[in-house]
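Have a look at the structure below before the remarks.
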Amino acid sequence: MTHSLVWHPFTQHGLDDDIPLIARAEGAWLYGADGRQWLDCISSWWVTTHGHGHPKIMAAIRAQTVKLDQLIFAGWTHEPAETLARALVSLVPDPLNYAFFSDSGSTSVEVALKMALGFWRNRGETRHKIVVMEHSYHGDTIGAMSVGARGVYNAAYAPLLFDVVRVPFPERAGQNTLDALEAACRDPHTAAFIVEPLILGAGGMLIYPASILAEMRAICVRHHVLFIADEVMTGWGRTGTLFACEQAGVTPDLMCLSKGLTGGAIPLAVTLASDAIYDAHRTPHRADMFYHSSSYTANPIACAAANANLTIWRDEPVLARVATLAEQQETYLAALTHPALINQRQCGTITAMEIASDTPGYLDDIGPRLASEFRNRGLLLRPMGNTLYVMPPYCIAVEELDQIYTAVADVIGGP
Ligand SMILES: *Cc1c(COP(=O)(O)O)cnc(C)c1O
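The sequence shown runs 0 to 414 under numbering that gives the first Met the number 0.
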């Protein structure tokens, strides 16, 4: 192949430039232009829920393209967005009654942060501090990075990131987290707490119990601090329920959704907001309106894809499929025993584990080395450092899961 002019995300150009060229995908499989094929074990970076190319989503996209391709969304509207907003709001509890669309998980987080600050400003309160959980990930724009974990991946931009208050990741009953959150929320300048419910994804698939999520929510209520649930990864069945917050009986003030919103077919995100937050911005005063937009806000084709996804959730037994997948994942994880595999854990359809080693330096570049080893065996797996995880699309067959775990055992056990 001629030298590629494409600059890839989170890719160390100069180290490993063997980048497969994918021609098409179907279900859990990616098909290379050269005839090779790969099993998509991480749902193409956590977005593909039902499987690639779901016929109903593809048909909805095709049907929408002949009606309306794109429309300015400031002061104009269209049927796919109206339908989608109604459908989304019907899936979440009161008072989450308003839908603000954007294009990615990161922007849905930026929108939530801006709404939280606007809410307090418009109510005449000087609350502007954001509380976050250690090891969190909320996206790669400046605001989203600011509320996420700091590390080698954002060290260059650190001078631009704003300060936040960090509470530790829960240990045992989570008292360390709850005490720190309570202290942070006592500060009268605290505006909001943002958290990934039940499992921190990019931070290393770190799982904490629903009871702690519920207690964190209660602390925020007690201190009138807004609660932002970043369900960008956890939404759409990943944790076993449609949304992770359901397992804790938690209703956030703001909820961010993206990845599986269109079944993973086309970019779209939404920030769901409570009546109070919407009302604080519903005003004849120009200074108090919500100042945010992107050119493609609520793109009609993306909304049509999301509407088809919601129809699938309504008409097909998706949650039953998710439950079966979770059971199958549990069985395979339990059977995977190797002294080098530690902290084996599971949250719904996701399994994760760490690879331990006594050899100094061994773990430093283990992620890319393993990814390339799996790629050679026909699997798309992308360990984060020494954390290996499996997050397949829900259509994956048990024989295909078998293939994944056999390869993992092989690769770990090998020389
Ligand atoms: C992926 C992710 C984001 C960012 O979404 P993008 O679409 O990549 O911008 C935000 N929050 C969480 C929890 C995520 O997993």
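All residues carry an ideal CB built from backbone N, CA and C; glycine is no exception. Values in this document were obtained by computation on a predicted structure and should not be read as measured data.
(Q) Excluding the 5 residues flanking L378 on each side, which residues of the same chain have their C-beta closer than 7 Å to its C-beta? (A) Along the sequence shown, read from residue 1 onward, the residue named residue 378 stands at position 379. Around L378: W37, L38, C40, I403, A406.
Q: Take the Cβ of L4 as the centre, count every other Cβ of all protein chains shown within 10 Å, and call the residue buried at 16 or more, exposed below.
A: The residue given as residue 4 occupies position 5 in the sequence shown. It counts as exposed.
Q: Counting only the same chain and skipping the five closest in sequence on each side, list residues whose C-beta sits under 7 Å from that of Y331.
A: For the purposes of this step, residue 331 is taken as residue 332 along the sequence shown, with counting starting at 1. The residues are L400, Y404.
(Q) If you reduce the DSSP assignment to three classes, tell me which class I41 lands in. (A) Residue 41 sits at position 42 when you count from the first residue of the sequence shown. Secondary structure at I41: coil, using DSSP grouped into helix, strand and coil.
Q: With DSSP collapsed to three states, give me the class of S101.
A: Counting from one through the sequence shown, the residue named residue 101 turns up at place 102. DSSP places S101 in strand when its eight states are reduced to three.
Q. Counting pairs of beta carbons, one from the segment 100 to 116 and one from the segment 264 to 275, are three or more of them closer than 8 Å?
A. Yes, since at least three Cβ pairs between the segment 100 to 116 and the segment 264 to 275 fall closer than 8 Å, the two stretches touch.
Q | Distance between T386 and G412 (C-alpha atoms, nearest Å) | A | Counted from its first residue, the sequence shown places residue 412 at position 413. Counted from its first residue, the sequence shown places residue 386 at position 387. In a straight line, the C-alpha of G412 is about 16 Å away from that of T386.
Q: Take the Cβ of V146 as the centre, count every other Cβ of all protein chains shown within 10 Å, and call the residue buried at 16 or more, exposed below.
A: On the sequence shown, residue 146 is found 147 positions in, with the first residue counted as 1. Answer is buried; the Cβ neighbour count reaches 16.
**Q.** Residue closest to G347, alpha-carbon to alpha-carbon, out of R381, T240, L340
**A.** Numbered from its first residue, the sequence shown carries residue 347 at position 348. Of all alpha-carbon atoms in R381, T240, L340, the one lying nearest the alpha-carbon of G347 is that of T240.
Q) How would you write the range of the beta strand (DSSP E) that N175 sits in, first residue to last? A) Here residue 175 corresponds to residue number 176 of the sequence shown, with the count starting at 1. Residue range 174 to 185 is occupied by the alpha helix (DSSP H) that includes N175, with no beta strand (DSSP E) assigned at that position.
Q: Rank I365, M352, R313, N153 by C-alpha distance to the C-alpha of R329 and give the top, closest one.
A: Counting from one through the sequence shown, the residue named residue 329 turns up at place 330. This sequence places Glu at residue 329; Arg is not what is there. Closest option to E329, Cα to Cα, is M352.
Q. What's the gap between the Cα of V194 and the Cα of F168?
A. Translated into the one-based positions of the sequence shown, residue 194 becomes position 195. Translated into the one-based positions of the sequence shown, residue 168 becomes position 169. Near 11 Å, if we compare the C-alpha coordinates of F168 and V194.
Q.
Going by DSSP in three states, C346 sits in which element: helix, strand or coil?
A. Here residue 346 refers to the residue found at position 347 of the sequence shown. Here DSSP, grouped into helix, strand and coil, assigns C346 to strand.
Q. Within 9 Å (strictly less), CB to CB, does D162 reach chain C?
A. Among the protein chains of the structure shown there is no chain C, as only one such chain exists.
Q. Between which two residues does the alpha helix (DSSP H) harbouring C394 extend?
A. Sequence index remark: in the sequence shown, residue 394 carries index 395 (1-based). Looking at the DSSP string, C394 is not in any alpha helix (DSSP H), and its letter there is neither H nor E.
Q.
Measuring alpha carbon to alpha carbon, tell me which residue in L260, P54, G34, I21 is nearest G104.
A. Residue numbering aside, residue 104 sits at position 105 when the sequence shown is read from its first letter. Looking only at L260, P54, G34, I21, the smallest Cα-Cα distance to G104 is reached by L260.
**Q.** Candidates V231, H222, L87, of which the one nearest I198 by Cα
**A.** In the sequence shown, residue 198 corresponds to position 199, counting from 1. Ranking V231, H222, L87 by CA distance to the CA of I198 puts V231 first.
Q. Any idea what DSSP makes of E315, helix, strand or coil?
A. Within the sequence shown, residue 315 is the residue found at index 316, counting from 1. Residue state, collapsed to three classes: coil.
Q: Tell me whether K258 counts as near ligand 1, meaning its Cβ is closer than 8 Å to at least one heavy atom of that ligand.
A: Start at 1 with the first residue of the sequence shown, and residue 258 comes out as number 259. Result yes, Cβ under 8 Å from ligand 1.
Q) With which residues is C219 paired in a DSSP beta bridge? A) Along the sequence shown, read from residue 1 onward, the residue named residue 219 stands at position 220. None, per the DSSP bridge assignment.
Q.
Please list the terminal residues of the continuous beta strand (DSSP E) segment that includes D229.
A. Here residue 229 refers to the residue found at position 230 when the sequence shown is read from its first residue. Residue range 225 to 229 is occupied by the beta strand (DSSP E) that includes D229.
Q) Which class does Q69 belong to by DSSP, given the choice of helix, strand or coil? A) Taking the first residue of the sequence shown as position 1, residue 69 is located at position 70. Residue state, collapsed to three classes: coil.
Q: Can you tell me which of D252, G173, C219 puts its alpha carbon nearest to the alpha carbon of R185?
A: Within the sequence shown, the letter at position 186 stands for residue 185. Minimum Cα distance to R185 is reached at C219.
Q) Could you give the distance in angstroms between the alpha-carbon of S257 and the alpha-carbon of P382? A) The count along the sequence shown starts at 1 and reaches residue 257 at position 258. The count along the sequence shown starts at 1 and reaches residue 382 at position 383. Each residue's alpha carbon lies about 22 Å from the other.
(Q) Could you tell me which whole alpha helix (DSSP H) segments of length 4 or greater appear in the segment 97 to 143? (A) Whole alpha helix (DSSP H) segments, 4+ residues: 104 to 121.
**Q.** Assigned secondary structure, Y420 (DSSP; H/G/I helix, E/B strand, else coil)
**A.** For residue 420 there is no data in the structure shown, the boundaries of the chain being 0 and 414.
Q) CA-CA distance, V88 and T64? A) Position 89 of the sequence shown holds residue 88. Position 65 of the sequence shown holds residue 64. V88 and T64: Cα-Cα distance of roughly 25 Å.
Q) Start and end of the beta strand (DSSP E) containing I21? A) Here the question's residue 21 lines up with position 22 in the sequence shown. Per DSSP, I21 is one residue of the beta strand (DSSP E) stretching across 21 to 25.
Q) With C-beta atoms as the reference, is Y388 less than 9 Å away from T336? A) Numbered from its first residue, the sequence shown carries residue 388 at position 389. Numbered from its first residue, the sequence shown carries residue 336 at position 337. For Y388 and T336, no; Cβs fall outside 9 Å.
Q) How should W417 be labelled, buried or exposed, when 16 other C-beta atoms within 10 angstroms of its C-beta is the threshold for buried? A) What the structure shows of the chain is the stretch from 0 to 414, and residue 417 is not part of that stretch, so it cannot be assessed.
Q.
Can you find the residues in the same chain that come closer than 8 Å, C-beta to C-beta, to L14, ignoring five residues on each side of it along the sequence?
A. Along the sequence shown, one-based indexing puts residue 14 at 15. Apart from sequence neighbours up to five positions away, the residues of its chain that approach L14 with a beta-carbon distance below 8 Å are P367, ordered along the chain.
(Q) Tell me the DSSP secondary structure of V410 in three-state form. (A) In the sequence shown, residue 410 corresponds to position 411, counting from 1. DSSP places V410 in helix when its eight states are reduced to three.
**Q.** Inter-stretch contact (C-beta, 8 Å, three-pair minimum) for the segment 78 to 92 and the segment 280 to 293
**A.** Verdict: no, contact absent.
Q. Would you call the CB atoms of P316 and S42 closer than 9 Å?
A. Sequence index remark: in the sequence shown, residue 316 carries index 317 (1-based). Sequence index remark: in the sequence shown, residue 42 carries index 43 (1-based). The answer is no: Cβ separation not under 9 Å.
Q: Would you mind stating whether A304 and I56 have Cβ atoms separated by less than 9 Å?
A: As a first step, residue 304 is located in the sequence shown; it is residue number 305 there, counting from the start. As a first step, residue 56 is located in the sequence shown; it is residue number 57 there, counting from the start. For A304 and I56, yes; Cβs fall inside 9 Å.
**Q.** Proximity test, P266 beta-carbon vs ligand 1 heavy atom, cut-off 8 Å
**A.** Position 267 of the sequence shown, counting from 1, holds the residue named residue 266. The answer is yes for P266.
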